[in-house]
Amino acid sequence: MSSNSDMRPVGVFDSGVGGLSVLRAIRQQLPNESVLYFGDQGHVPYGPRPLEEVREFSEAITRFLLDLGAKLIVVACNTASAAALHSLRQTFPDISFVGMEPAVKPAAENTRTGVVGVLATPATFQGALYASVVERFAGNVALLQNTCPGLVQQIEQGALDGSETRGILDSALRPMLDQGIDTIVLGCTHYPFVIPLIQEIVGPDVRVIDPAPAVARQVARLLESAGRRAAGPRSGTLRFFTSGEATRFKVQLPRLFDETGEVREVLWENHEIRIK
Ligand code: DGL
1101 MSSNSDMRPV GVFDSGVGGL SVLRAIRQQL PNESVLYFGD QGHVPYGPRP LEEVREFSEA
1161 ITRFLLDLGA KLIVVACNTA SAAALHSLRQ TFPDISFVGM EPAVKPAAEN TRTGVVGVLA
1221 TPATFQGALY ASVVERFAGN VALLQNTCPG LVQQIEQGAL DGSETRGILD SALRPMLDQG
1281 IDTIVLGCTH YPFVIPLIQE IVGPDVRVID PAPAVARQVA RLLESAGRRA AGPRSGTLRF
1341 FTSGEATRFK VQLPRLFDET GEVREVLWEN HEIRIK
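Rendered as structure tokens:
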């Protein structure tokens, strides 16, 4: 283990509150790390947008987080990873990025029925990253896909178990159950917040895969191997930024996450982001 220590924050971003499901796992595994969290609520949802547009947003957010001193960037959004991970690594070759891809590999390895459901946004399903995991890992399984239209917006509004949210999940999951799924891959970082509802619909025998702990482990591995872990014993601080309304984010935060921190609103001007 390296004796180096790097107290600079980790940058984490998503289109909105979804990345908090990843932040939760990062906090559990890396409590000494300080984190800058960016929710692009001025542009949520990303899922129906062209990949090119999501790429532009992701690049501007990355620059903003790096300007604030981020030592590593977690793209805590499957859609932004699908649209931008490759180009971010090319544009910022000295920076380590950790992105999200639907967890098709562990699902394919563990399914007994050979039928797996994947819930993700349209942009994620269109991206090359998804095509590549399907090609590499899903040769012997049937993947049933659903984009759950409207679900991200429901979760942004805090409707984690209302009738509308239940309706969206019912119509996605019932046909999958009829076709014999025994595993569901959550390919959108907003969806772990509705795991209780998903599990209620599909029953205890269907396994629901939240990739956040694996992503946090990857963050830990990269920091460790670069000698950039923050030293303890103090726990790291959290700062939150939203391109939506700070007052709204402050109401959302405690419903989804059991820690708090400073919340600031940002402005986009041309392609640049600055703190209001
Ligand atoms: N949380 C996101 C994802 O993982 C984005 C959802 C959206 O903005 O459409 O894909």
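Adding 1100 to a residue's 1-based position in the sequence shown gives its number in the working numbering. By construction, the Cβ of each residue, glycine as well, lies at the ideal position given by its N, Cα and C atoms.
Residue i, enclosing alpha helix (DSSP H) - first and last residue
i     : result
E1300 : I1295 to V1302
Q1190 : N1178 to T1191
I1255 : L1251 to E1256
V1174 : Where V1174 is concerned, there is no enclosing alpha helix (DSSP H), although the beta strand (DSSP E) it sits in stretches over L1172 to V1175.
F1237 : A1228 to F1237
I1161 : L1151 to D1167
E1324 : A1312 to S1325
E1209 : V1204 to N1210
Residues near residue i by beta carbon distance below 8 Å, same chain, minus five either side
i     : result
E1359 : R1127 and L1338
H1143 : S1115, R1149, F1157 and S1343
G1250 : E1264 and I1268
Q1318 : V1198
D1305 : D1282
Contact set for residue i: own chain, Cβ-Cβ below 6 Å, skip 5 residues either direction
i     : result
E1133 : V1110, A1330 and G1336
C1288 : N1178, A1220 and T1221
A1203 : V1285, I1309 and P1311
H1371 : A1160
N1246 : L1219 and A1272
N1104 : G1327
H1290 : G1118, V1252 and I1255
R1307 : T1283
P1313 : A1125
C1248 : L1219, I1268 and A1272
Pick from the options that is closest to residue i, judged by C-alpha positions
i     : options                       : result
R1374 : T1265, I1284, D1140 and T1283 : D1140
A1176 : A1238, A1326 and V1315        : V1315
P1296 : F1341, A1320 and G1262        : G1262
A1182 : Q1190, P1145, D1305 and G1227 : G1227
V1234 : R1334, D1305, E1201 and T1247 : E1201
M1107 : W1368, R1334 and E1369        : R1334
F1138 : E1153, T1347 and L1120        : L1120
A1180 : G1303, E1153, Q1190 and D1167 : E1153
Residue interval of the beta strand (DSSP E) (run including residue i)
i     : result
V1363 : E1362 to E1369
A1242 : A1242 to N1246
V1215 : V1215 to L1219
Y1291 : Segment: none, Y1291 is in no beta strand (DSSP E) and carries neither H nor E.
D1278 : That residue, D1278, is in no beta strand (DSSP E); its alpha helix (DSSP H) goes S1263 to D1278.
E1133 : E1133 -> no beta strand (DSSP E), and no H or E assigned at all.
I1309 : R1307 to I1309
R1339 : L1338 to T1342
F1113 : V1110 to D1114
R1355 : Per DSSP, R1355 belongs to no beta strand (DSSP E); it is in the alpha helix (DSSP H), A1346 to L1356.
I1087 : The requested residue 1087 is not part of the displayed model; the chain covers only 1101 to 1376.
Residue i and residue j closer than 9 Å at C-beta
i     : j     : result
L1123 : H1186 : no
I1284 : M1276 : yes
G1147 : T1224 : yes
T1211 : V1252 : no
S1232 : L1322 : no
A1125 : R1155 : no
I1173 : F1237 : no
L1377 : A1320 : As shown, the chain starts at 1101 and ends at 1376. That puts residue 1377 outside it, with no answer to give.
V1363 : K1376 : no
G1258 : V1351 : yes
Whole-Å CB distance - residue i paired with residue j, under 8 Å assumed
i     : j     : result
V1216 : A1208 : 7 Å
F1293 : L1356 : 6 Å
K1205 : R1328 : Between R1328 and K1205 the Cβ distance is about 27 Å, and since that is not below 8 Å, they are no contact.
I1298 : L1260 : Not confirmed; about 11 Å, so no contact.
L1136 : F1349 : With a Cβ gap of about 14 Å, L1136 and F1349 do not count as contacting.
F1192 : T1213 : Not really, about 42 Å apart at Cβ, beyond 8 Å.
7 Å Cβ shell around residue i - same chain, five flanking residues per side excluded
i     : result
Q1279 : V1215 and L1244
I1301 : L1269, D1270 and L1273
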